[in-house]
Structure formats: structure tokens, C-alpha cells
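Novice: Residue numbers (the numbering used here): 8 to 121.
Just so you know, even glycine gets a beta-carbon here, dropped at the ideal spot from N, CA and C.
Please read through the structure below; I'll follow up with questions.
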């Protein structure tokens, strides 16, 4: 519900991270990248920097689809893999990647895509 409230009605794509401690308590929620109506450039280096700055042990990735369709694109799946690999190098686990559209947010972990 929190992610829906934060991202659902944005007119352009936003990419954000929920940074968690080792007990999966929320340390911070940060919108890291702002995009256009159908995409956002996400830089793994910046995500890693913010995870280190927050002293995070785990991360939940999230972004919105202004079109309202919460299905992940091929680029979404590739980005999730790239960020999971980059964050693993600093021992930060990616627990999920939620895509927020008009309905319920889609969990890539629940769909077996992680």
C-alpha cells in the first residue's frame, strides 16, 4: 500500500529503493531516478552508493509504470538481474522488485522472476 501511495499517480517513471537493515526493518525509502512517461535510466553504481550510505543489508526495488500496466518488460527483468548482481558484491540482498501500476503492485519475486 505504501509503494502504491507513493508511486501510482506519478505522470512519469520513478525508480526507488526501500533500504532495510539485517532484520528487514526499514532504514529509508528513496526515489533515486526520475524518467519519462515510458522509461527511466537507472545506474547500478548510484544504487550501490546509496545502499552503502544507508548501511543497508537488504533492498526492495520498486518503480512505477505510468501506463497502468504492471507487467515487467524485458528491460525491467535485465535491470533487476544487473542490480541483484551489483548489490551482491557488497553483500546486500535484493528481496524483491515491485512494479506499481493501476492495480495491485506486481512482485517479481512472487512471480518467480528473481
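So, using beta-carbon positions, are residue 91 and residue 107 closer together than 8 Å?
Specialist: If you number the chain shown from 1, residue 91 lands on position 84. If you number the chain shown from 1, residue 107 lands on position 100. No. Outside cutoff.
Novice: For residue 15, which of helix, strand or coil comes out of DSSP?
Specialist: Residue 15 sits at position 8 when you count from the first residue of the chain shown. Residue state, collapsed to three classes: coil.
Novice: Beta-carbon separation of residue 116 and residue 98 under 8 Å?
Specialist: For the purposes of this step, residue 116 is identified with residue 109 of the chain shown, where counting begins at 1. For the purposes of this step, residue 98 is identified with residue 91 of the chain shown, where counting begins at 1. It is not a contact, given that the beta carbons lie outside the stated cut-off.
Novice: For residue 67, which residues of its own chain have a beta-carbon under 6 Å away from its beta-carbon, when the five flanking residues on both sides are left out?
Specialist: Sequence index remark: in the chain shown, residue 67 carries index 60 (1-based). Within the same chain, and ignoring the five residues on either side of residue 67 in sequence, the residues whose Cβ sits closer than 6 Å to its Cβ are 25, 102, 103.
Novice: Which residue wins for smallest C-alpha separation from residue 94, given the options 53, 118, 74?
Specialist: For the purposes of this step, residue 94 is taken as the residue at position 87 of the chain shown. Among 53, 118, 74, the Cα nearest to that of residue 94 belongs to 53.
Novice: Nearest-angstrom Cα distance between residue 60 and residue 76?
Specialist: Residue mapping note: residue 60 aligns to position 53 of the chain shown, counting from 1. Residue mapping note: residue 76 aligns to position 69 of the chain shown, counting from 1. One C-alpha to the other measures close to 33 Å.
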